[in-house]
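Residues 48 to 400 in my numbering are what the sequence shown spells out, letter by letter. Idealized CB from N, CA, C, for every residue including glycine. Presented below is the structure to which this report refers.
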Amino acid sequence: MALELASELDAYGHRSRIVAVGRGHEGETVDDVPPLVGSVRQGPTVLLLAAWRLRRSLRRDDFDLILAHGGAALQVGVLGGGGLPVVNQLIMGMPLDRRGPVWHLWWRWLMRRCDAVVSLTDALTREVRDLGFRGAVELVPNARRTARFEGLDRQAEADRLRRDLGIGPGQHVIGFVGHLGRQKRPDLAVEVMSELSARGVPVHLVMAGKGPMASGVERLVAELGLEDRVHLLGHVDDVEHVLAGIDVMVLTSDDEGMPGVVIEAQMAGCPVVSFPVGGIHDLVVHGESGVVLDGHDPAAMAEVVAGLLDDPSRLARMSEAARVASSAFSMAAVVERYQGVLTAVAAATPGQA
Numbered sequence: 048m049a050l051e052l053a054s055e056l057d058a059y060g061h062r063s064r065i066v067a068v069g070r071g072h073e074g075e076t077v078d079d080v081p082p083l084v085g086s087v088r089q090g091p092t093v094l095l096l097a098a099w100r101l102r103r104s105l106r107r108d109d110f111d112l113i114l115a116h117g118g119a120a121l122q123v124g125v126l127g128g129g130g131l132p133v134v135n136q137l138i139m140g141m142p143l144d145r146r147g148p149v150w151h152l153w154w155r156w157l158m159r160r161c162d163a164v165v166s167l168t169d170a171l172t173r174e175v176r177d178l179g180f181r182g183a184v185e186l187v188p189n190a191r192r193t194a195r196f197e198g199l200d201r202q203a204e205a206d207r208l209r210r211d212l213g214i215g216p217g218q219h220v221i222g223f224v225g226h227l228g229r230q231k232r233p234d235l236a237v238e239v240m241s242e243l244s245a246r247g248v249p250v251h252l253v254m255a256g257k258g259p260m261a262s263g264v265e266r267l268v269a270e271l272g273l274e275d276r277v278h279l280l281g282h283v284d285d286v287e288h289v290l291a292g293i294d295v296m297v298l299t300s301d302d303e304g305m306p307g308v309v310i311e312a313q314m315a316g317c318p319v320v321s322f323p324v325g326g327i328h329d330l331v332v333h334g335e336s337g338v339v340l341d342g343h344d345p346a347a348m349a350e351v352v353a354g355l356l357d358d359p360s361r362l363a364r365m366s367e368a369a370r371v372a373s374s375a376f377s378m379a380a381v382v383e384r385y386q387g388v389l390t391a392v393a394a395a396t397p398g399q400a
């Protein structure tokens, strides 16, 4: 989202520079987004080093404020911002009841140094209020640019995906798209597939993404005897084609803020079946553009998915409703709200333009 938002703001005449705190989960970097440190870890020493390098970098240019995308970025921005106003862009929850007193003291100190907050959901807003933040909070949903999803032909994409993976006629395809890490619970997606297989549903599972659980997922697939029905694609650049080619996407995460992959799925016309996490109810119109379960039970998810796959007319209606629901989450729909927050913070800060 950060890259797309910066590009949209640039189109409004603003100037943005994006830096990452560190490398990605697998040590990767993103073009035009240099990491402040080369580590994938984000412990105190790494964050302090990143803050020092940010401070040095800011001395070489003139900026009005820092938009901190996530918790690590907020810590680095506050410590290394050199007094620039900081807008905290909340993207994930921080369950406060699981944190110790030192953590609470630290985050209360950080909150006092935020000039504004952009929050994805009401639940995230309550968290920062509970941490003592009393400033302005703007509720702005997650968003994506729509251009790469426009004109996708779901039938053509489904045919291409099945052809590329050697999936025969009469077979359904469900998908998991995301980081293969603990939070996303890719193992539960495999369990859903196992339940569907046990029910005799003619279905394959496509998994797009990489991460530390990749080898564990491969082992689980083998243990469950699903090697011929689970397709591990690794990282996929043009994931919109995968989303347009599958019948249903499953979201099996333990925790989310407002998952961007759900926005992407719906922009591709793909219905989503999800566990009840984060702001999922703000994205999925339950029973119309997808289904949000009451709990985190793979068997219950498999039952819902099986019912949808067995009802192509309902699935087609959900596909169209998903596209309609996604329109509220286009980058064009939210960029002016970001612009309003950022310009107000800059204007309210002495010495900033």
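Please classify residue i as buried or exposed, where buried requires at least 16 other C-beta atoms within 10 Å of its C-beta.
| i | result |
| --- | --- |
| residue 230 | exposed |
| residue 232 | buried |
| residue 158 | buried |
| residue 168 | buried |
| residue 77 | exposed |
| residue 92 | exposed |
| residue 73 | exposed |
| residue 194 | exposed |
| residue 312 | buried |
| residue 282 | exposed |
| residue 32 | Any answer about residue 32 is impossible in this case: the structure gives the chain only from 48 up to 400. |
| residue 381 | buried |
| residue 276 | buried |
| residue 318 | buried |
| residue 59 | exposed |
| residue 136 | buried |
| residue 156 | exposed |
| residue 75 | exposed |
| residue 116 | buried |
Going by the beta-carbon positions, is the gap between residue i and residue j smaller than 8 angstroms?
| i | j | result |
| --- | --- | --- |
| residue 219 | residue 249 | yes |
| residue 239 | residue 349 | yes |
| residue 274 | residue 346 | no |
| residue 227 | residue 258 | yes |
| residue 392 | residue 162 | yes |
| residue 140 | residue 112 | no |
To the nearest angstrom, how far is it from the Cα of residue i to the Cα of residue j?
| i | j | result |
| --- | --- | --- |
| residue 290 | residue 354 | 20 angstroms |
| residue 3 | residue 69 | The requested residue 3 does not occur in the structure, where the chain is confined to residues 48 to 400. |
| residue 184 | residue 356 | 41 angstroms |
| residue 214 | residue 251 | 8 angstroms |
| residue 254 | residue 207 | 16 angstroms |
| residue 339 | residue 200 | 26 angstroms |
| residue 50 | residue 65 | 8 angstroms |
| residue 400 | residue 108 | Model confidence at residue 400 stands at a pLDDT of 44, short of 50, so the residue's coordinates are unreliable and nothing is read from them. |
| residue 341 | residue 322 | 7 angstroms |
| residue 221 | residue 196 | 19 angstroms |
| residue 150 | residue 179 | 13 angstroms |
| residue 271 | residue 361 | 30 angstroms |
| residue 294 | residue 79 | 34 angstroms |
| residue 96 | residue 373 | 39 angstroms |
| residue 57 | residue 383 | 12 angstroms |
| residue 396 | residue 90 | 31 angstroms |
| residue 119 | residue 359 | 44 angstroms |
| residue 53 | residue 247 | 47 angstroms |
| residue 280 | residue 256 | 7 angstroms |
| residue 146 | residue 177 | 13 angstroms |
- Query: Are there three or more Cβ pairs, one per stretch, closer than 8 angstroms when the region 301 to 309 is compared with the region 317 to 333?
  - Reply: yes
- Task: Give, in chain order, every unbroken run of the beta strand (DSSP E) that is at least 3 residues long and sits entirely within the region 331 to 359.
- Result: 337 to 339
- Complete alpha helix (DSSP H) runs within the region 356 to 383 (minimum length 4 residues, chain order): 359 to 373
- Item | Segments assigned alpha helix (DSSP H), at least 4 residues, entirely inside the region 191 to 227 | 201 to 212
- Report the residue ranges of all alpha helix (DSSP H) runs contained in full by the region 62 to 144; include only those spanning at least 4 residues, in chain order. 91 to 105, 118 to 127
- Task: Tell me, please, whether the region 255 to 273 touches the region 177 to 191 by the rule of three or more beta-carbon pairs shorter than 8 angstroms.
- Result: no
- Length-filtered (3 minimum) beta strand (DSSP E) runs lying within the region 231 to 281: 250 to 255, 277 to 281
- Only counting runs of 3 or more residues, tell me where the beta strand (DSSP E) segments fall wholly within the region 154 to 189, in order along the chain. 163 to 166, 183 to 186
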